[in-house]
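*Asks:* In my numbering, the protein residues as written are 244 to 564.
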Amino acid sequence: MNIYCVVSIDTECDQGVQWRTLSPMKFSSVTELVPNVLQKIFLKHGVMPTYLLSPEVLENQACVDTLKSLSRVELGSHLHGEFVEPLRKPVGASISDFQAMYSPEIEARKMANLTHLFEEKMGFKPTSFRAGRWGISPHTFKILEDLGYLVESSVTPYFIWKFPNYTLDYKTALDVPYFTSAENLLVRGKMRLLQVPVTIFSHYGRWFNKWIAPNPGVVKEILIKVPLWRPMWLRPTYGDFNQMKHVVDNYISSHDDQEDIVLNMMFHSVEILPDENPYNFDQKRIGLFLNNMEQVFDYLNTRGTKFLGLSDLHPIFNKKP
244 MNIYCVVSID
254 TECDQGVQWR
264 TLSPMKFSSV
274 TELVPNVLQK
284 IFLKHGVMPT
294 YLLSPEVLEN
304 QACVDTLKSL
314 SRVELGSHLH
324 GEFVEPLRKP
334 VGASISDFQA
344 MYSPEIEARK
354 MANLTHLFEE
364 KMGFKPTSFR
374 AGRWGISPHT
384 FKILEDLGYL
394 VESSVTPYFI
404 WKFPNYTLDY
414 KTALDVPYFT
424 SAENLLVRGK
434 MRLLQVPVTI
444 FSHYGRWFNK
454 WIAPNPGVVK
464 EILIKVPLWR
474 PMWLRPTYGD
484 FNQMKHVVDN
494 YISSHDDQED
504 IVLNMMFHSV
514 EILPDENPYN
524 FDQKRIGLFL
534 NNMEQVFDYL
544 NTRGTKFLGL
554 SDLHPIFNKK
564 P
């Protein structure tokens, strides 16, 4: 059994506590904290992060210079459609769009513009992607494949995201990497695009199909309310070290029939910037966030985990029958 871990980071401008873009825009989370805090931790523990870059980051030359100077990283793209044409919104608008709300034509143009901007600024084409607010549409994977992407990472197993006039239902999504289907984003198919879901473990989700669904007398509502059955993320924002260790151990043990196991930790770069993010409001909470993350990296290293970028996973899974 091989254990791999990717750390996929949504890399955006500094945000207010309600995810409202500052005016004028600020980027200290990228230009200062990424190289001086995150990268030092990653290099210390042998982690190869994947920074997924939003359009406004790519338009800021200081961010571009900072990110290009980093070693042992992967750079991919991340669409918040408010920041790219067509139908671009003014600075200071709330981040409320998700790409599934766009028409197929608008989504394709925004994705093309984001990808071309990335190539212009970074000098190479991105091959990994995540949608802002997890908001992939039925057309996203075909658009990405046409643009040359290899890996997508917007699926959050066991969750349903409800937006005005649209619902993203990942309740039955696979929680392992899989090559996607153009007809159904949640099942295996014959596309060359590899889906790498964010690692979320659920005892309820694990056993639902086997034990609960066939027995209608089971009171599902009670089970869901029990903390053990709630979906748990491999995400330092949502859990301390013991909770994330629980996710790691249970995810690995529940997939021990797999030759290659992939853990996908995610967070936003701005989550370590005090007063400029909705999660960690002060330096004390940021310190706990970073300490919990480091403890997980230490633990993963004791288990022989290999840290990779998102796109590094594509050839590993592409060799499988």
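C-beta atoms are modelled at their ideal positions from N, C-alpha and C, and glycine is treated no differently.
Do Leu322 and Gly375 have their CB atoms nearer than 8 Å?
*Replies:* Contact: yes.
*Asks:* What residue range is occupied by the uninterrupted beta strand (DSSP E) comprising Leu506?
*Replies:* Unbroken beta strand (DSSP E) run through Leu506: Asp503 to His511.
*Asks:* To which residues of the same chain is His511 closer than 6 Å at the C-beta, ignoring the five residues directly before and after it?
*Replies:* Closer than 6 Å at Cβ, skipping near neighbours: Asp253.
*Asks:* Smallest Cα separation from Tyr494: which of Val273, Val419 and Ser297?
*Replies:* Here the closest residue by C-alpha is Val419.
*Asks:* Is Phe367 near Leu436, with beta carbons less than 8 Å apart?
*Replies:* The answer is no: Cβ separation not under 8 Å.
*Asks:* Which of helix, strand or coil does DSSP assign to Val250?
*Replies:* Three-state DSSP puts Val250 in a strand.
*Asks:* Strictly by DSSP, which residues pair up with Pro292?
*Replies:* Looking at the DSSP assignment, Pro292 forms a beta bridge with Val250.
*Asks:* For the beta strand (DSSP E) that Glu317 lies in, which residues bound it at each end?
*Replies:* Glu317 -> beta strand (DSSP E) spans Glu317 to Leu322.
*Asks:* To the nearest angstrom, how far is it from the Cα of Val300 to the Cα of Ser271?
*Replies:* Approximately 11 Å between the Cα atoms of the pair.
*Asks:* My output table needs one value for Asp412: the three-state DSSP class, helix, strand or coil.
*Replies:* Here Asp412 sits in strand by DSSP.
*Asks:* Checking the sheet assignment: what are the DSSP bridge partners for Thr399?
*Replies:* Note: Thr399 sits in no beta bridge, so no partner.
*Asks:* For chain B, find out if any of its Cβ atoms is closer than 8 Å to the Cβ of Tyr409; answer yes or no.
*Replies:* Among the protein chains of the structure shown there is no chain B, as only one such chain exists.
*Asks:* Mind reading off the beta-carbon distance from Ile386 to Met354? Whole number of angstroms is fine, and I expect it under 8 Å.
*Replies:* Their Cβ separation, rounded to whole angstroms, is 5 Å, which keeps Ile386 and Met354 in contact under 8 Å.
*Asks:* For the pair the segment 492 to 506 and the segment 525 to 536, tell me if three or more CB-CB distances fall below 8 Å.
*Replies:* Flag = no, the segment 492 to 506 and the segment 525 to 536 do not touch.
*Asks:* Can you grab the Cα-Cα spacing for the pair Tyr345 / Pro521, in whole Å?
*Replies:* Roughly 26 Å separates the two Cα atoms.
*Asks:* Measuring alpha carbon to alpha carbon, tell me which of Asp499, Ala351 and Val441 ends up nearest Pro479.
*Replies:* The option with the nearest alpha carbon to Pro479 is Val441.
*Asks:* Closer than 7 Å: is that where the CB of Gln282 sits relative to any heavy atom of the ligand ATP?
*Replies:* Ligands are entirely absent from the displayed structure, and the ligand ATP is therefore not among its contents.
*Asks:* Can you tell which of His498, Ile559, Gly259 and Phe422 has the C-alpha that lies nearest to the C-alpha of Asp518?
*Replies:* The candidate whose alpha carbon is nearest that of Asp518 is Gly259.
*Asks:* Since Val394 and Leu556 should fall inside the 8 Å C-beta cutoff, what is the C-beta to C-beta distance between them, to a whole number of angstroms?
*Replies:* So it is a contact: roughly 6 Å between Cβ atoms.
*Asks:* By how many angstroms is the C-alpha of Met487 removed from the C-alpha of Trp476?
*Replies:* In a straight line, the C-alpha of Trp476 is about 7 Å away from that of Met487.
*Asks:* Smallest Cα separation from Ser297: which of Leu318, Ser314, Ile284 and Ser312?
*Replies:* Measuring from the Cα of Ser297, the nearest candidate turns out to be Leu318.
*Asks:* Would Ser251 and Thr370 qualify as a contact pair, given that the criterion is a beta-carbon distance under 8 Å?
*Replies:* For Ser251 and Thr370, no; Cβs fall outside 8 Å.
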